[in-house]
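Student:
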Amino acid sequence: MQQKSGKCTSGFSKNTYYRFMQNPHINWLRFTILLAEKIINEHLKDLTSDQRADCFVFDDSLYSRTGYKKTELAAKVFDHVSMTYKKGFRMMTMGWT
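Residues 268 to 364, numbered by my numbering, are exactly what the sequence shown covers, in order.
#1: Could you tell me the alpha carbon to alpha carbon distance between residue 314 and residue 321, rounded to whole angstroms?
#2: Is the separation between the beta-carbon of residue 327 and that of residue 350 shorter than 9 angstroms?
#3: In three-state terms, what does DSSP make of residue 313?
#4: If residue 354 and residue 337 are in contact, beta carbons under 8 angstroms, what's the gap, nearest whole angstrom?
#5: Since residue 323 and residue 288 should fall inside the 8 angstroms C-beta cutoff, what is the C-beta to C-beta distance between them, to a whole number of angstroms?
#6: According to DSSP, is residue 301 helix, strand or coil?
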């Protein structure tokens, strides 16, 4: 519908995006690693020298939400730093160095 009306300038509509995000069969770990690899190889690789060692850094920090009853998909998660359960999310971050 968006492509017919001319509102969509990309090669796909937002319905395609939402269907992709809601698909339970998507391997998100594989998808994010392949996406990061493509971005690094096509855009960032030329910014560093060949003698430098490259590696991914993963971090699963706690994103604390105190008013979690009104926050969608929040849960009690174990915080390894304080050794207690807190209300919130696990936030997975991937970096490259």
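Backbone N, C-alpha and C fix where the C-beta goes; we use that ideal spot for every residue, glycine too. Being a predicted model, the structure only gives us computed values, none of them experimental.
Tutor: Taking the coordinates as given:
#1: Residue numbering aside, residue 314 sits at position 47 when the sequence shown is read from its first letter. Residue numbering aside, residue 321 sits at position 54 when the sequence shown is read from its first letter. Residue 314 and residue 321: Cα-Cα distance of roughly 12 angstroms.
#2: Translated into positions along the sequence shown, residue 327 becomes position 60. Translated into positions along the sequence shown, residue 350 becomes position 83. Not a contact, by the Cβ cut-off of 9 angstroms.
#3: Sequence index remark: in the sequence shown, residue 313 carries index 46 (1-based). In this structure, residue 313 counts as helix in the three-state DSSP scheme.
#4: Taking the first residue of the sequence shown as position 1, residue 354 is located at position 87. Taking the first residue of the sequence shown as position 1, residue 337 is located at position 70. Contact annotation, residue 354 with residue 337: C-beta distance approximately 11 angstroms; criterion of less than 8 angstroms not satisfied.
#5: Along the sequence shown, one-based indexing puts residue 323 at 56. Along the sequence shown, one-based indexing puts residue 288 at 21. Contact between residue 323 and residue 288 is absent: CB atoms are separated by about 23 angstroms, not below the 8 angstroms threshold.
#6: As a working note, residue 301 is residue 34 in the sequence shown. Helix, per DSSP.
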